[in-house]
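Numbering (our numbering), first residue to last: 18 to 129.
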């Protein structure tokens with residue numbers, strides 16, 4: 018349990034929060050219909066800004082390249098899945114290949 022609250026553990030928690038906020042914010046932006054639904058869109062923007070704040074905290078305890086790649090990669094993967102499940106957006110085989118390449122790229126950065 019103490020490893021969770023180590024500087025590295027806290028950085029990972031901040032990074033996870035950044036991903037969750039980004040995905041939720043982006044989904045709300047989709048639901049806002051191009052910001053026509055201002056309350057939903059405004060809340061989405063606030064969540065995206067919160068994601069950047071959480072990312073800023075994450076990079077205090079981990080390499081910038083790893084944090085940004087993991088944030089962007091995880092955000093891409095989870096957003097694609099949310100888009101498919103919540104909005105009926107198909108992920109074609111080339112899209113799945115792209116997702117696999119993103120995951121491999123993030124893993125390669127972490128291992129380097």
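C-beta atoms are modelled at their ideal positions from N, C-alpha and C, and glycine is treated no differently. Predicted, not measured: the structure shown is a model, and the values here were computed from it.
On a CA-only basis, which of the options is nearest residue i? Give me that one, please.
{"i": "residue 28", "options": "70, 107, 119", "result": "70"}
{"i": "residue 92", "options": "54, 81, 40, 25", "result": "40"}
{"i": "residue 116", "options": "97, 68, 66", "result": "97"}
{"i": "residue 105", "options": "44, 35, 30", "result": "44"}
{"i": "residue 81", "options": "127, 22, 23", "result": "127"}
{"i": "residue 65", "options": "110, 47, 86", "result": "47"}
Using three-state DSSP, classify residue i as helix, strand or coil.
{"i": "residue 106", "result": "coil"}
{"i": "residue 51", "result": "coil"}
{"i": "residue 66", "result": "helix"}
{"i": "residue 129", "result": "coil"}
{"i": "residue 78", "result": "coil"}
Compute the Euclidean distance between the alpha carbons of residue i and residue j, then round it to the nearest angstrom.
{"i": "residue 79", "j": "residue 25", "result": "7 Å"}
{"i": "residue 124", "j": "residue 37", "result": "20 Å"}
{"i": "residue 32", "j": "residue 63", "result": "17 Å"}
{"i": "residue 103", "j": "residue 20", "result": "35 Å"}
{"i": "residue 111", "j": "residue 51", "result": "27 Å"}
{"i": "residue 74", "j": "residue 114", "result": "31 Å"}
{"i": "residue 129", "j": "residue 35", "result": "23 Å"}
{"i": "residue 67", "j": "residue 118", "result": "27 Å"}
{"i": "residue 107", "j": "residue 95", "result": "14 Å"}
{"i": "residue 22", "j": "residue 30", "result": "9 Å"}
For residue i and residue j, which I take to be in contact (beta-carbon distance under 8 Å), what is that distance rounded to the nearest angstrom?
{"i": "residue 84", "j": "residue 76", "result": "5 Å"}
{"i": "residue 122", "j": "residue 100", "result": "That belief does not hold up - the Cβ atoms of residue 122 and residue 100 are roughly 21 Å apart, past 8 Å."}
{"i": "residue 58", "j": "residue 49", "result": "3 Å"}
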